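Novice: Residue 21 in our numbering sits at position 21 of the sequence shown; the count goes up by one each step and never skips. Just so it is clear, CB atoms sit at the ideal spot from N, CA and C, and this is done for glycine as well. None of these values were measured; they are calculated from a predicted model. Next up is a structure, given as structure tokens.
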Amino acid sequence: YGKDFGSFQFGEIIQTSAIQRLYVGGNAIKSISNICKGLISSQLLRVLELKSNYLGDDAILEVVKALQQNESLHTLDLSGNSFSNKGGKAIATLLHPDKKKALRRLYINYNSIGDTVGMEICSNIISAATLVECGMYACGFALKTAEMVDMLKTSDKLVHVQLGGNMGYEKSDVTSLEAQLKLNREN
Numbered sequence: 001y002g003k004d005f006g007s008f009q010f011g012e013i014i015q016t017s018a019i020q021r022l023y024v025g026g027n028a029i030k031s032i033s034n035i036c037k038g039l040i041s042s043q044l045l046r047v048l049e050l051k052s053n054y055l056g057d058d059a060i061l062e063v064v065k066a067l068q069q070n071e072s073l074h075t076l077d078l079s080g081n082s083f084s085n086k087g088g089k090a091i092a093t094l095l096h097p098d099k100k101k102a103l104r105r106l107y108i109n110y111n112s113i114g115d116t117v118g119m120e121i122c123s124n125i126i127s128a129a130t131l132v133e134c135g136m137y138a139c140g141f142a143l144k145t146a147e148m149v150d151m152l153k154t155s156d157k158l159v160h161v162q163l164g165g166n167m168g169y170e171k172s173d174v175t176s177l178e179a180q181l182k183l184n185r186e187n
């Protein structure tokens, strides 16, 4: 099976079992391809947590490509995977309103995606039909964070957003976003 036996096992588990939630965080996965094969064939997996595996941009592109063919996953955690704007742009496509079965929860905390891709992701969050929760803590936002907050305030679906650890916004920006999210939770 090569050096990454764990990845092979995780891929097999996704493909051959009725598992609905898989947490493989902090496993230093060297190759994501077997997990992606499982994602393509599984219609039962609902939650995939791949956080803290330091996958990088190329592996994130593989995951996104596999998820384009998966309609069952509703929660994805890619926090702490050392991807940049290249991986972030691919993730933004998962939120596109044309996607048949969109994510409900997405966590991309602790990745350096920057302002431009952050704006693209926020724009897609607004048009995503099903996303209710998004974690973007410490994603390297600085100049456009206040604009992102303003954009996210227009969503009537979001109930939770994590933006801490980024620069470029005032407490009043966050207070008004929190008020909108509270209204969304009540409706």
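1) What is the residue span of the beta strand (DSSP E) that D77 lies within?
2) Assuming Q20 is part of the beta strand (DSSP E), what are its boundary residues?
3) Going by other Cβ atoms of all chains shown within 10 Å of its Cβ, with 16 needed for buried, is I29 buried or exposed?
4) On the CB-based measure, 16 or more other CB atoms within 10 Å of its CB, does G164 come out buried or exposed?
5) Taking the CB atoms as reference points, tell me whether L95 and I60 lie closer together than 8 Å.
6) Would you decide whether S155 is buried or exposed? Buried here means 16 or more other CB atoms lie within 10 Å of its CB.
7) What number of angstroms, rounded off, separates the C-alpha of L77 from the C-alpha of E49?
8) Give every residue of the same chain whose Cβ lies closer than 6 Å to the Cβ of G38, excluding the five residues on either side of it in the sequence, and list them in chain order.
9) Just the C-alpha distance for C122 and A179, rounded to the nearest angstrom, thanks.
10) Given a threshold of 16 other Cβ atoms within 10 Å of its Cβ, counted over all protein chains shown, does M148 qualify as buried or as exposed?
11) Which residues in the same chain have their Cβ closer than 7 Å to the Cβ of I40, if we skip the five residues on either side of it in sequence?
12) Which partner residues does C134 have in the DSSP bridge list?
13) Look at N85 and I108 and say whether their C-beta atoms are less than 8 Å apart.
14) Assign A92 to buried or exposed, taking buried as 16 or more other Cβ atoms, counted over all protein chains shown, within 10 Å of its Cβ.
15) With DSSP collapsed to three states, give me the class of E49.
16) Can you grab the Cα-Cα spacing for the pair A138 / S17, in whole Å?
17) Comparing C-alpha positions only, which one of A90, L183, V132, H160 sits nearest to V64?
Specialist: From the atom records:
1) Where D77 is concerned, the enclosing beta strand (DSSP E) stretches over 75-77.
2) No beta strand (DSSP E) holds Q20; DSSP gives it neither H nor E.
3) Buried, by the Cβ-count rule.
4) It is exposed - the Cβ of G164 has fewer than 16 other Cβ atoms within 10 Å.
5) L95 places its beta carbon 8 Å or farther from that of I60.
6) Of the residues assessed, S155 falls on the buried side of the cut-off, its CB having 16 or more other CB atoms within 10 angstroms.
7) Contrary to the premise, residue 77 reads as Asp rather than Leu in this sequence. Between D77 and E49, the C-alpha separation is close to 5 Å.
8) By the criterion of a C-beta distance shorter than 6 Å, G38 is surrounded in its chain by G11, I14, Q15, once the five residues flanking it on both sides are discounted.
9) C122 and A179 have their C-alpha atoms some 18 Å from each other.
10) Using a 10 angstroms sphere on the CB of M148, the tally of other CB atoms reaches 16 or more, which defines it as buried.
11) Take I40, set aside five residues on each side of it, and the residues of its chain with a beta-carbon closer than 7 Å to its own are A66, Q69, N70, in chain order.
12) Answer by DSSP bridge pairing, in chain order: L106, V161.
13) Result no, Cβ atoms of N85 and I108 do not sit closer than 8 Å.
14) With 16 or more Cβ atoms within 10 Å of its Cβ, A92 is classed as buried.
15) Strand at E49.
16) Taking the straight line joining both Cα atoms gives about 35 Å.
17) Among A90, L183, V132, H160, the Cα nearest to that of V64 is on A90.
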